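In this note's numbering, the protein residues as written are 79 to 166. Glycine included, C-beta positions come from ideal geometry on N, C-alpha and C. Keep in mind the model is a prediction, meaning the values are calculated, not measured. Structure record follows, encoded as structure tokens.
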Amino acid sequence: MTSLFILLAESVGNVGLGLAELGAGVGAGLAAVGAGIGIGRIGAGAMEAIARQPEASGDIRSNMIVAAALVEGVAFFAVIICALLIFV
79 MTSLFILLAE SVGNVGLGLA ELGAGVGAGL AAVGAGIGIG RIGAGAMEAI
129 ARQPEASGDI RSNMIVAAAL VEGVAFFAVI ICALLIFV
């Protein structure tokens with residue numbers, strides 16, 4: 079495993095990118111994947127809740143949208159921070 083990191087660091091060094099840029103790329107990818115998983119779980123939970131109580135679908139839907147917006151906002155913030163690491 080250590081040799082993989084050494085090989086990766088050498089290949090990144092040859093291109094002219096540093097480990098900060100590599101970490102920023104990995105961080106942005108993890109933030110996007112994490113947001114996708116989080117929003118998917120929110121949607122699944124909302125669909126289950128609506129199936130159990132159809133009369134509360136309006137409240138559940140509005141709460142789902144607010145929660146998904148918060149998750150997406152955090153993911154967007156993480157991607158912006160990673161982009162700043164690349165350019166600074």
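Within the same chain, A134, S135, I138 and R139 come within 8 Å of I128 by CB-CB distance, once the 5 residues on both sides are set aside.
Secondary structure within the region 131-162: not one fully enclosed beta strand (DSSP E) run of 3 or more consecutive residues is present. Cβ-Cβ distances below 6 Å link A153 to A109 and A113 in the same chain, with the five nearest sequence neighbours on each side left out; the list follows chain order.
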